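One structure is given here, and the rest of the page talks about it.
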Amino acid sequence: MHLITGTRDPATSFPLPTAIDDGDERRRANRAVAVGAVGLALTGLIEFVVALLSGSAALLGDALHNLSDVTTSAVVFGGFWSSRRVATSRYPYGLERAEDLAGIGVALVIWASAVFAGWESVEKLLRHSPTQQVGWGIGAALVGILGNQLVARYKLVVGRRIQSSTLIADARHSWLDGLSSAGALLGLCGVAVGWEWADGVAGILVTGFICHVGWEVTSDIGHRLLDGVDPAVIETAESVAADVEGVIHAHARARWTGRTLRVEVEGWVASDTSVADADRIGRRVADRVSARLPQMRSFTWAARGVPPG
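Residue numbers (UniProt numbering): 1 to 309.
In structure tokens:
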């Protein structure tokens, strides 16, 4: 009978009851990206045409922000397409992190939008240029609010369902565009009552919203790229594993790669535990941890023998 020695036993991965249909998730993600791109392109074009007619800086910035989302959608789609590559000897985890790298592209577009919106707003205030066709501008801003909120809600629901930080970041970007449109609306309403400066001030407020969401998106993506996880994930995995009969002590690690939460548990067992028994213990640990962490999609178990004391 093979017994567990004092050194680490070869790690074992177990199939999980929380296994998902990755192909179906990718189809959902691609559909969400495509629908969002079409919706925002139409919204942006309407705002762009009206912005040129009215001369509204806030509305122009919002229109270009929406149109830039078509490029962002292409970046997100590229991330999902690249991440489907299977694991190789050079990339043993596959290219799942391509989805997280796409999130960086989303963040860069947000910050570029902030710079452009801020510049246009300051220029508007300094030039004191008039805003015309205010009624049409208000209507276009309302279209921007409605279109962005519908797209943001759709992306957010799909992103949370498939655990995609990149799609969630893109949803926040669309939600941000809705706030941008609301800022443009307030500025145009101010112009309608005689406050010519309101359009430029609204543009500056919109820039503030863009920077706030840009910081949040950048922080979230950076957290994942640096293998950051919620400490509760580690605490849960270790406590659940330690409660399994046969486990003397447990140490856990975890990280995200794209949409996959990978958990590794190293369990200390009695040195006279056979390899077969250690695998059975690992199977029980995997089942119980999976029940407590349904977002976990990869589990690795390594048994280590503890000499009798």
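Just so you know, even glycine gets a beta-carbon here, dropped at the ideal spot from N, CA and C. Source: prediction; values computed, not measured.
Check, Outcome
"In whole angstroms, what separates the C-alpha of D170 from that of G200?", "27 Å"
"Between I281, V269, A286, A276, which has its C-alpha nearest R304's C-alpha?", "V269"
"How is A184 classed by DSSP in three states: helix, strand or coil?", "helix"
"Does the Cβ of V38 have 16 or more other Cβ atoms within 10 Å, making it buried, or fewer, making it exposed?", "exposed"
"What do you reckon, is the C-beta of D170 under 8 Å from a heavy atom of the ligand ADP?", "The ligand ADP is not part of the structure shown, which contains no ligands of any sort."
"Can you tell me where the beta strand (DSSP E) holding T257 begins and where it ends?", "249–257"
"In this structure, does DSSP put R297 in helix, strand or coil?", "strand"
"Measuring straight from C-alpha to C-alpha, what distance separates E123 and L45?", "23 Å"
"Answer with buried or exposed for V289, where buried requires no fewer than 16 other C-beta atoms within 10 angstroms of its C-beta.", "buried"
"Measure how close the beta-carbons of V191 and V134 come, nearest whole angstrom, since I'm counting them as under 8 Å.", "5 Å"
"Work out the CA separation of V244 and T43 for me, nearest whole Å.", "55 Å"
"Along the beta strand (DSSP E) that carries V269, what are the first and last residues, could you check?", "260–270"
"What do you get for Q54, buried or exposed, if any count of 16 or more other CB atoms within 10 angstroms of its CB means buried?", "The sequence shown places Ser at residue 54, not Gln. So S54 ends up on the buried side."
"Where does A237 fall in DSSP's three states?", "helix"
"Report the three-state DSSP secondary structure of G305 (helix, strand or coil).", "strand"
"Where does R172 land, buried or exposed, given buried means 16+ other C-beta within 10 angstroms?", "buried"
"Let me know if T5 comes out buried or exposed under the rule of 16 or more other beta-carbons within 10 Å of its beta-carbon.", "Note that T5 has pLDDT 45, beneath the 50 cutoff, so the model's placement of it is unreliable and no number is given."
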